[in-house]
Structure formats: structure tokens, C-alpha cells
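J.: In our numbering, the protein residues as written are -9 to 171. All C-beta atoms, glycine included, are put in the ideal place defined by N, C-alpha and C. Mind looking over this structure? Questions follow.
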């Protein structure tokens, strides 16, 4: 179970990250890495008050595990050029704040929110059909002979800021887990 103050902290941190990302296209390291460090300290302190040194180690370990688990899939996406580094760090911080289970739940909700919002935004911008065509090309290119592969220059790819979706995911996870035992 994640204490309610940690759920509130997750929502506040991701709201700030989402708002900054929406406005500037970047999520500051001070926000995500600062929240990560604060979460490690806070979970250690909470564990220490409940069970002494072993509790502090368990609190630190749980927060660190949350950061690692919530950062794995985003790191893979980052290595493929499909996600920004700020998003990866914000999701890692979210995992540290909310711990592994709630952090992964929030991350799943964030990806669902982005998947629901992306087609609407692309249609509004008049880019939906072109983006779907590019997606088909990306998926089928490895299966085609080299001579028949379709080149996709970076300017033909659609970009979407993921910070607001991370906020939506953390808010949904906080609401779902607010009264959990």
C-alpha cells in the first residue's frame, strides 16, 4: 500500500512535469531527479520510523525498485528514438514515489491515455492518415527486401509530448488507490 501523501506527491510532480512538457517540450532534470532523490529519502525515513534500520533499507529498496521497473520499458523506447529522456526520468521518479505496483499501474494508465489521445490529436492536425501509413511502413520495412523498403525521414514522423499523459496516468492511479488497504 502506498500512503496517501505519496500519491499526492506523485500527482503534483507529474502535473508540474506535464505542464512544463506541454509548454516547452522538455521536463527539467531538477524536477524528475529531485523527485526521485526525495522519494528515496522519504521512503527510507518512513521505513525507519516503522522498523528501524531494516525498515529504512526496505523503504529505500522498494523506491529504487519502483524507479528501475518503471524506467525499463521507457528506456527501451528511448533507445529506439520513440520517447524522450525527460519522460523516462519522470516515469522513473513516479515509480520511486508510488513504489513498483502503483508506479507500473500509473505508467500503464499513461500509455493508455496517450493511445486514446494520439489519434484524436492527429486527426485534428490532419496527420492521422499519413501517420498510419508511416506506422505500417515502420512495421513492414524489416519484412521487405532492402530494395523495396520505404524511407521515412524524421520530419514525416509525428511527435507527441508524453508529460501530460504521465500526469493523467498518475492521477488515475492515485484515484484508484486512494482508499486501498
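(1) Which residues in the same chain have their Cβ closer than 6 angstroms to the Cβ of residue 119, if we skip the five residues on either side of it in sequence?
(2) Give me the Cβ distance between residue 153 and residue 7, rounded to the nearest whole Å; I'm assuming they're in contact under 8 angstroms.
(3) With a CB to CB cut of under 7 angstroms and the five nearest residues on each side skipped, what residues in its chain are close to residue 25?
(4) DSSP state of residue 66, grouped into three classes?
(5) Return the first residue and the last residue of the alpha helix (DSSP H) that residue 153 is part of.
(6) Can you tell me the Cα-Cα spacing of residue -2 and residue 55, whole angstroms?
(7) Does the segment 9 to 27 come close enough to the segment 107 to 114 that 3 or more CB-CB pairs lie under 8 angstroms?
(8) May I have the straight-line CA-CA distance separating residue 41 from residue 23, to the nearest angstrom?
(9) Hey, would you say the C-beta of residue 60 is under 7 angstroms away from at least one heavy atom of the ligand SAM?
(10) Determine, using beta carbons only, whether residue 127 and residue 112 come nearer to each other than 8 angstroms.
(11) In this structure, how does DSSP classify residue 73 when only helix, strand and coil are distinguished?
(12) Locate the alpha helix (DSSP H) running through residue 11, then write down its first and last residues.
T.: Judging by the given coordinates:
(1) Taking the first residue of the chain shown as 1, we reach residue 119 at position 129. Nothing meets the Cβ criterion.
(2) Taking the first residue of the chain shown as position 1, residue 153 is located at position 163. Taking the first residue of the chain shown as position 1, residue 7 is located at position 17. Their Cβ separation, rounded to whole angstroms, is 5 angstroms, which keeps residue 153 and residue 7 in contact under 8 angstroms.
(3) Here residue 25 refers to the residue found at position 35 of the chain shown. Excluding residues within five positions, the ones whose Cβ falls inside 7 angstroms are 3, 83, 87.
(4) The count along the chain shown starts at 1 and reaches residue 66 at position 76. Residue 66: helix per DSSP, three-state reduction.
(5) Taking the first residue of the chain shown as position 1, residue 153 is located at position 163. First-last of the alpha helix (DSSP H) with residue 153: 153 to 167.
(6) Taking the first residue of the chain shown as position 1, residue -2 is located at position 8. Taking the first residue of the chain shown as position 1, residue 55 is located at position 65. Approximately 20 angstroms, taken between the alpha carbons.
(7) no
(8) By 1-based counting over the chain shown, the position of residue 41 is 51. By 1-based counting over the chain shown, the position of residue 23 is 33. When rounded, the distance between both Cα atoms is 27 angstroms.
(9) Absence of the ligand SAM is noted for the structure shown, with no ligands found whatsoever.
(10) Translated into the one-based positions of the chain shown, residue 127 becomes position 137. Translated into the one-based positions of the chain shown, residue 112 becomes position 122. No, the pair does not count as a contact, with Cβ atoms beyond the cut-off.
(11) Within the chain shown, residue 73 is the residue found at index 83, counting from 1. In this structure, residue 73 counts as coil in the three-state DSSP scheme.
(12) Your numbering for residue 11 matches position 21 in the chain shown. From DSSP, the alpha helix (DSSP H) with residue 11 extends over -6 to 14.
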